[in-house]
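A.B. asks:
Protein chains: 2
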Amino acid sequence: MDLEVALRSQDHRVTRPRQVVWDVLTDAHGHLSAQEIADEVSAREPGINVSSVYRTLTLFAELELVRESRRADGGSSWEPSHGDDVIHLVCSSCGVVRHHASPLVNELRHEVAHVPGFHVAGLDVAANGVCERCES
Amino acid sequence: MDLEVALRSQDHRVTRPRQVVWDVLTDAHGHLSAQEIADEVSAREPGINVSSVYRTLTLFAELELVRESRRADGGSSWEPSHGDDVIHLVCSSCGVVRHHASPLVNELRHEVAHVPGFHVAGLDVAANGVCERCES
DNA sequence: ACCTTTTTGCAAGCCAGTCGCAATAAGTGG
DNA sequence: CCACTTATTGCGACTGGCTTGCAAAAAGGT
Numbered sequence: 004m005d006l007e008v009a010l011r012s013q014d015h016r017v018t019r020p021r022q023v024v025w026d027v028l029t030d031a032h033g034h035l036s037a038q039e040i041a042d043e044v045s046a047r048e049p050g051i052n053v054s055s056v057y058r059t060l061t062l063f064a065e066l067e068l069v070r071e072s073r074r075a076d077g078g079s080s081w082e083p084s085h086g087d088d089v090i091h092l093v094c095s096s097c098g099v100v101r102h103h104a105s106p107l108v109n110e111l112r113h114e115v116a117h118v119p120g121f122h123v124a125g126l127d128v129a130a131n132g133v134c135e136r137c138e139s
Numbered sequence: 004m005d006l007e008v009a010l011r012s013q014d015h016r017v018t019r020p021r022q023v024v025w026d027v028l029t030d031a032h033g034h035l036s037a038q039e040i041a042d043e044v045s046a047r048e049p050g051i052n053v054s055s056v057y058r059t060l061t062l063f064a065e066l067e068l069v070r071e072s073r074r075a076d077g078g079s080s081w082e083p084s085h086g087d088d089v090i091h092l093v094c095s096s097c098g099v100v101r102h103h104a105s106p107l108v109n110e111l112r113h114e115v116a117h118v119p120g121f122h123v124a125g126l127d128v129a130a131n132g133v134c135e136r137c138e139s
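Listed below in structure tokens is the structure:
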């Protein structure tokens, strides 16, 4: 995925904050909270402000470069867009998010697409529970 | 569902704030935000404090009398517990939440119960989109 | 290099939700 | 019915994630 192309094709400028946020998101394989992103960004490039990070994330979401998902603890987490037939496994103890792919999600998507009186844009399947590491 | 019994059986006291919150939740057929609940509560019984409303909602959630679900806009909404094979249809424009029952959700629940290394407690399927009324 | 327009950094602000604590009221036993 | 214990409330202060207004900085076009 080429960030520059994606931005320019929609008349947005390619800036340092945007590049760094993008790098952080793609380097991390998995979900990050806004806080984690902001921290890592200013570790790599001190001086980039939180508000720029938030604005960038919002922009990326509009461009569908990233996806925001709400977590059980009230926070939200961000990751580069990916295929959709995925269940989010959210550990309610440490907050980590894993993926689990299942064809059922796609079946569900098709079913939900035909509900009358509602135009579905996206589907989010989240299971909360406790991950291996927190169990012990 | 009898609130008094539910509370007493777990050694909790039956108080006015709890009753009013419960009434509001059961009268409203559907999801309410914490804010809406607090507003309606203090309309019915001025003097009941927001913090009591929040504490009550948390308590009810622990007792599994109500269920909290996170919404796409970052808020959360509350409703009396109900069967689990349900998809939440969240209108991203007006925030209203509808239900759509589907047996697929239960299949999904079974599948997810067997994912290794993760102990699932609950499943939440949410579709966001635009409702009929906001479409026009 | 110049000019226009977007984007940034900063600081102040916002607001849902939480917390500590003294006052109040539920439930209990006499 | 009253006194007593302890959970619960209301209040006000506070927190923390996120947003906003604005002047200064930098992107991109010519």
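Going down the list, the sequences are from chains F and X. Counting from 4, one number per residue, gives the positions in the first sequence under my numbering. Counting from 4, one number per residue, gives the positions in the second sequence under my numbering. From the three backbone atoms N, C-alpha and C, an ideal C-beta is built for every residue, glycine too.
(1) Would SER84/F pass as an interface residue toward chain X - the criterion being a Cβ-Cβ separation below 8 Å?
(2) If we cut at 8 Å on Cβ distances, does VAL100/X have a partner in chain F?
(3) Using DSSP bridges, identify the partner residues of SER72/F.
(4) Sort VAL24/X, ILE51/X, LEU66/X, GLU48/X by Cα distance to ASP14/X and report the nearest one.
(5) Indicate whether at least one CB of chain F lies closer than 8 Å to the CB of ASN131/X.
(6) Which runs of the alpha helix (DSSP H), 4 residues or longer, sit entirely within the region 12 to 43 of chain X?
(7) Select from LEU10/X, LEU60/X, GLN38/X, LEU111/X the residue whose C-alpha is nearest the C-alpha of ILE90/F.
(8) Using a cut-off of 7 Å between C-beta atoms, extract the partners of LEU190/F located in chain X.
(9) Consider the Cβ of PHE121/X: report whether some Cβ of chain F lies at a distance smaller than 8 Å.
(10) If you drop the 5 nearest sequence neighbours on each side, which residues of the same chain put their C-beta closer than 6 Å to that of VAL128/X?
(11) Measure from the alpha carbon of HIS102/F to the alpha carbon of each residue in HIS113/F, VAL115/F, CYS134/F, then state which is nearest.
(12) Am I right that TRP81/X and ALA37/X are in contact with their C-beta atoms under 8 Å? What's the rounded C-beta distance?
(13) Taking only beta-carbon atoms, is ILE40/F less than 8 Å away from chain X?
(14) Exposed or buried, which one is THR18/X when buried takes at least 16 other CB atoms within 10 Å?
(15) Can you pull the chain F neighbours of SER105/X, defined as C-beta to C-beta under 8 Å?
(16) Comparing alpha-carbon positions, which option in ASP88/F, VAL123/F, LEU60/F, PRO119/F lies nearest LEU10/F?
C.D. replies: Answer, in terms of the structure:
(1) no
(2) no
(3) SER80/F
(4) LEU66/X
(5) yes
(6) 19 to 30
(7) LEU111/X
(8) Nothing can be reported for residue 190/F, as the shown portion of chain F is limited to 4 through 139.
(9) yes
(10) ILE90, VAL108
(11) CYS134/F
(12) 7 Å
(13) no
(14) exposed
(15) LEU111, GLU114, VAL115
(16) LEU60/F
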